[in-house]
Amino acid sequence: MAAQALDGQYVLSGVRVLDFTWVHAGPAATRVLADQGAEVIKVESNYALAVVGGAAASTPYGLGQRHNWNAGKLSFSLNMRTPQGIAMAKRLVAISDVVAENFSGRVMARWGMDYESLRRIKPDIIMLSMSGMGRTGPWRDYVSYGQTLQAWSGFTYLTGFPETDPSGPASAYSDASAAMAGAQAVLLALIHRARTGQGQWIDLSQFEVVCSLLETLVLDVGVNRRGEAVQRTGNRLPHGDASPHGAYRCEGDDRWVAIAVFSDEEWNAFAQAIGGPPWAGDERFATAHGRRRHADELDRLVETWTANHSPEEAMHLLQAAGVAAGVVQSGADLADNDPQLRERGLFRQVPDAQGVLRTVEGPPYKLSLTPGGPLRGAPEFGGHQTYVTQELLGMSDEEIAQCAIDGAFE
Amino acid sequence: MPDSTQDGQQPLTGYRVLDLSGPLGVYCGKLMADMGADVVKVEPPGGDPMRHIGPFAHDKPGPDSSLYWLHFATNRRSITLDVTSADGAALLRRLASKADVLLETHQPGLMKSLGLGYSDLSDLNSGLVYVSITPFGQTGPYRDYKGSDLIGLAMGGYMYVTGWPHTPPTRLWGSQAYHTASNRASIGALLALYHRLATGQGQHVDVSMQEAVAATTEHVNIYYAYEGTPAVRCGFRHGGRFVATWRCKDGYVSITTHRQQAWDDLRAWMAEEGMAGDLMDEKYNDTFVLRGENSAHIEEIIEKWAMRHTRQEITDWGQARHYPFGPAATPVELLENPQLQGRGFFVQAEHPGFAESVTYPGAPYRLSRSPWRLRTAAPRIGQHNARVYGDELGLSQEEMARLAGAGVI
Numbered sequence: 125m126a127a128q129a130l131d132g133q134y135v136l137s138g139v140r141v142l143d144f145t146w147v148h149a150g151p152a153a154t155r156v157l158a159d160q161g162a163e164v165i166k167v168e169s170n171y172a173l174a175v176v177g178g179a180a181a182s183t184p185y186g187l188g189q190r191h192n193w194n195a196g197k198l199s200f201s202l203n204m205r206t207p208q209g210i211a212m213a214k215r216l217v218a219i220s221d222v223v224a225e226n227f228s229g230r231v232m233a234r235w236g237m238d239y240e241s242l243r244r245i246k247p248d249i250i251m252l253s254m255s256g257m258g259r260t261g262p263w264r265d266y267v268s269y270g271q272t273l274q275a276w277s278g279f280t281y282l283t284g285f286p287e288t289d290p291s292g293p294a295s296a297y298s299d300a301s302a303a304m305a306g307a308q309a310v311l312l313a314l315i316h317r318a319r320t321g322q323g324q325w326i327d328l329s330q331f332e333v334v335c336s337l338l339e340t341l342v343l344d345v346g347v348n349r350r351g352e353a354v355q356r357t358g359n360r361l362p363h364g365d366a367s368p369h370g371a372y373r374c375e376g377d378d379r380w381v382a383i384a385v386f387s388d389e390e391w392n393a394f395a396q397a398i399g400g401p402p403w404a405g406d407e408r409f410a411t412a413h414g415r416r417r418h419a420d421e422l423d424r425l426v427e428t429w430t431a432n433h434s435p436e437e438a439m440h441l442l443q444a445a446g447v448a449a450g451v452v453q454s455g456a457d458l459a460d461n462d463p464q465l466r467e468r469g470l471f472r473q474v475p476d477a478q479g480v481l482r483t484v485e486g487p488p489y490k491l492s493l494t495p496g497g498p499l500r501g502a503p504e505f506g507g508h509q510t511y512v513t514q515e516l517l518g519m520s521d522e523e524i525a526q527c528a529i530d531g532a533f534e
Numbered sequence: 051m052p053d054s055t056q057d058g059q060q061p062l063t064g065y066r067v068l069d070l071s072g073p074l075g076v077y078c079g080k081l082m083a084d085m086g087a088d089v090v091k092v093e094p095p096g097g098d099p100m101r102h103i104g105p106f107a108h109d110k111p112g113p114d115s116s117l118y119w120l121h122f123a124t125n126r127r128s129i130t131l132d133v134t135s136a137d138g139a140a141l142l143r144r145l146a147s148k149a150d151v152l153l154e155t156h157q158p159g160l161m162k163s164l165g166l167g168y169s170d171l172s173d174l175n176s177g178l179v180y181v182s183i184t185p186f187g188q189t190g191p192y193r194d195y196k197g198s199d200l201i202g203l204a205m206g207g208y209m210y211v212t213g214w215p216h217t218p219p220t221r222l223w224g225s226q227a228y229h230t231a232s233n234r235a236s237i238g239a240l241l242a243l244y245h246r247l248a249t250g251q252g253q254h255v256d257v258s259m260q261e262a263v264a265a266t267t268e269h270v271n272i273y274y275a276y277e278g279t280p281a282v283r284c285g286f287r288h289g290g291r292f293v294a295t296w297r298c299k300d301g302y303v304s305i306t307t308h309r310q311q312a313w314d315d316l317r318a319w320m321a322e323e324g325m326a327g328d329l330m331d332e333k334y335n336d337t338f339v340l341r342g343e344n345s346a347h348i349e350e351i352i353e354k355w356a357m358r359h360t361r362q363e364i365t366d367w368g369q370a371r372h373y374p375f376g377p378a379a380t381p382v383e384l385l386e387n388p389q390l391q392g393r394g395f396f397v398q399a400e401h402p403g404f405a406e407s408v409t410y411p412g413a414p415y416r417l418s419r420s421p422w423r424l425r426t427a428a429p430r431i432g433q434h435n436a437r438v439y440g441d442e443l444g445l446s447q448e449e450m451a452r453l454a455g456a457g458v459i
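Structure (structure tokens):
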């Protein structure tokens, strides 16, 4: 018999993460660790906030990002421009398992906190360094946002329809992917440490993360010398004969259903499910190859059917016949109209420091024994000064007062 | 610089993974195999259907020429097994009793109907980490709904916002819903393995592609939850800040003016060339101008200016000032990228039947002591049958011959 889920058991309880990361990829990576019980201490500073433009709290969306990326973490306000700030950070390294950062170039080295230095403080420390281009190579000092990397990798150029400008992914897919990669890398390093006692340094280039998701592109360009011929294909697949395959306009304003038909069996089920209109019997559509070849015409005809249905109706009708179909869901659909996400509980309401419930995303994987998940929202800026200075660092009241006077907590 | 070659052990060296997955999970298997796990791909007799997904080397379809298979099946061993037969299921149970991880992407309930569900196998091996990836998860009203990469992007919310206002919602290039499901599954599997190191206990990891995508859009859920209206499609003119891509002389270039200084410098550059129009006017001082009511006017001015410059000129100008500018590269430019080459991102492997070595994308992360590695290229169908069934499981020659004759292996 499978063991029962253990309430309150967290895989990473006892793991402490000193988290210097900011913006999207870094905090989203360490959020994965916090979800599973790691004590993630977010090191923040008024000076750093000034650089990001204070966006964290200046708009409702900014507030949402802060909660979603930092749920369950602690916040320690520390001024790394002061010698006391650096000294306290190093004392925290000595009692941490993981140090995470995504500063540009030489910031950590300037503080005497590059990997070699950290290793002298804590021999089995795991250091995650996330950066746009990686910490070596001719472009190591290049500055990039998610969209910059998507452009550089080819994702932007290849996402969209052939007859219009490319659109690229709607948001920073490279950051989201780098976050997943960063979390994996830390978990791999923790496993390695548990098996061998060794720590290590992780040099994560967000550019390389995106490029590793290019799938067969590298092989196709290399083996088939096909570079110029690889172009945008809109919602159709570049290989194989899937058709109909795309988003089809439905009843309502900007409402769509996605349909993916691969085999003859699925095509027959599709034709029957939509009531067997005469055009579905057209000989041109009898084979997968024919359907793909006449996809423009087929897409137009499919839309004559979908246009008379809501996307929900179309999805349920087609799924009942065994055809892969799904509503092209907006943010409102996901939150308000999706019984599947609701039953599985993807969205969580967690209290912030004032007890106000905030919406965040839960872990999109379910572990039967140790489900984890966020218990509270993002911390308030500097919300855990007492815990860190007194309980973790054992500082005296005098010491703390002197550091405050010297601006070490700003 | 830490020495990356001082010892050879990868983080997952010594772990055995039975991989029964299709496209939903094949990347998860690759992630684990590339980090050292012994991932045994269980193919149906005759070969895995993924061997017939294009593109193909020199456009010649065949089980060993699918570049999809070559890419995703690195570092795997291959055995053939018909798990739908009673003998096959019995054999899989024996394999699972010695495995650390089982990875599968069948529709919910199918493995259980074969006597191969999580509870069946955990009875034999309580340490087994059993990873199931499906379009919608093991529970909920849509659990039996069919899905593909496209459906994952649609139901997960990424597709509605990708594309232009005048185009249909648009898929991401490649199969990113599958990748995202696999990335999330890999995190789940690693957490379960870490837990097992401490307790010896395995568990079931249930991953829904839809949820994986829905938790990866960055803005879709949070924008709606906190702003109260759903995010919409805006092509490559992104979000609140000045993050946008532009047509230019030789293609497209991404320009992000993430700071006031960057926007002011860009306007000044345009003014120097007499192309700034009225952009120097103080009503356009804010870097959020592209969201304002004059956005069409501003876009027209910038595009007219950008068309006079190449991607490289604009990129070099921005990077010299530490602003995040970069060209929209085309596929053919990718393999020549100086940074990827400088860091040795691409790796080569010999492949039987190929005249030249094949170039693969490399590590998504670099661990200094226990690194990613391309050890072996994709296996042939059942290449490791004798080794796995004979040497490791202890089947006799006669038993193997009987099972082969019955179409089980």
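Residue numbers (this note's numbering), protein chains in the order written: chain A, 125 to 534; chain B, 51 to 459.
No residue lacks a Cβ here, since even glycine has one placed at the ideal position from N, Cα and C.
Since this is a predicted model, take the numbers as computed values, not measurements.
Rounded to the nearest whole angstrom, the CA to CA distance from A/V474 to A/V484 is 7 Å. Under DSSP, A/P475 forms a beta bridge with A/L481. The continuous stretches of alpha helix (DSSP H) do not include A/E163, which lies in the beta strand (DSSP E) extending over residues 163-168. Secondary structure at B/R416: strand, using DSSP grouped into helix, strand and coil.
Proximity of chain B to A/D344 at the Cβ level (cut-off 7 Å) is accounted for by P105, L117, in chain order.
Around the C-beta of A/S520, fewer than 16 other C-beta atoms lie within 10 Å, and the residue is accordingly described as exposed. The Cβ atoms of A/L517 and A/M212 sit closer than 9 Å to each other.
A/V222 is positioned such that its CB atom lies closer than 9 Å to that of A/A162. Under the 9 Å criterion on CB atoms, B/T155 is classed as non-interfacial with respect to chain A. By the C-beta criterion, the stretch 242-251 of chain B is judged not to be in contact with the stretch 424-444 of chain A, since fewer than 3 inter-stretch pairs fall below 8 Å. By the C-beta density criterion, B/A83 is buried, having at least 16 other C-beta atoms within 10 angstroms. Within chain B, F286, T295, Y302, S304, A378 have C-beta atoms less than 8 Å from the C-beta of A/T280, given in sequence order.
Excluding the 5 residues flanking it on each side, B/T266 has same chain C-beta neighbours closer than 6 Å at T230, in chain order.
Taking the beta carbon of B/W214 as reference, the chain A residues within 7 Å of it are T288, S291, listed in sequence order. In the displayed model, B/S304 falls within a strand according to three-state DSSP.
Between the stretch 302-313 of chain A and the stretch 379-399 of chain A, the count of C-beta pairs closer than 8 Å stays below three; the two stretches do not touch. Residue pairing by DSSP leaves B/D315 without any beta bridge partner. The stretch 376-449 of chain A contains, as complete beta strand (DSSP E) runs of 3+ residues, the segments 380-384 (chain order). Contact between B/L153 and B/D69 holds, since their C-beta atoms are separated by about 5 Å, short of 8 Å. According to the DSSP secondary-structure assignment, B/A262 is paired through a beta bridge with no residue. Only L328, S329, F331, E332, V333, C335, S336, L337, L338, E339, T340, L341, V342, L343 from the stretch 328-343 of chain A bring a Cβ to less than 8 Å from some Cβ of chain B. One alpha carbon belongs to A/C374, the other to B/T217, and they sit about 14 Å apart. Per DSSP, reduced to three states, the secondary structure at A/V345 is helical. Excluding sequence positions up to five before and after B/P280, its CB lies within less than 7 Å of the CB of Y274, all in the same chain and listed in chain order. Within chain A, the residues placing a beta-carbon under 8 Å from that of B/N233 are S301, M304, A305, Q308, ordered along the chain. Annotated three-state conformation of B/A294 is strand, per DSSP. For B/Y439, there is no enclosing alpha helix (DSSP H), as DSSP marks it with neither H nor E. Around B/A399, the same chain offers S407, V408, Y410, L424, A427 as residues with beta carbons nearer than 7 Å, after the five sequence neighbours per side are excluded. Of the candidates A/S387, A/H413, A/H440, A/H363, A/H440 places its Cα closest to the Cα of A/I398. For B/N344, the closest alpha carbon among the candidates B/K333, B/Y118, B/H121 is that of B/K333.
The stretch 269-298 of chain A is shown to contain no whole beta strand (DSSP E) run of 3 or more residues. B/L174 sits exposed, since fewer than 16 C-beta atoms from the chains shown fall within 10 Å of its C-beta. Distance from the CA of B/Q59 to the CA of B/L417, rounded to the nearest whole angstrom, comes to 11 Å.
With the criterion set as a beta carbon lying under 9 Å from some beta carbon of chain A, the members of the stretch 149-174 of chain B are Y168, S169, S172, D173, in sequence order. In the structure shown, A/W325 adopts extended strand secondary structure according to DSSP, grouped into three states.
Distance from the CA atom of B/V282 to the CA atom of B/P215, rounded to whole angstroms, is 8 Å.
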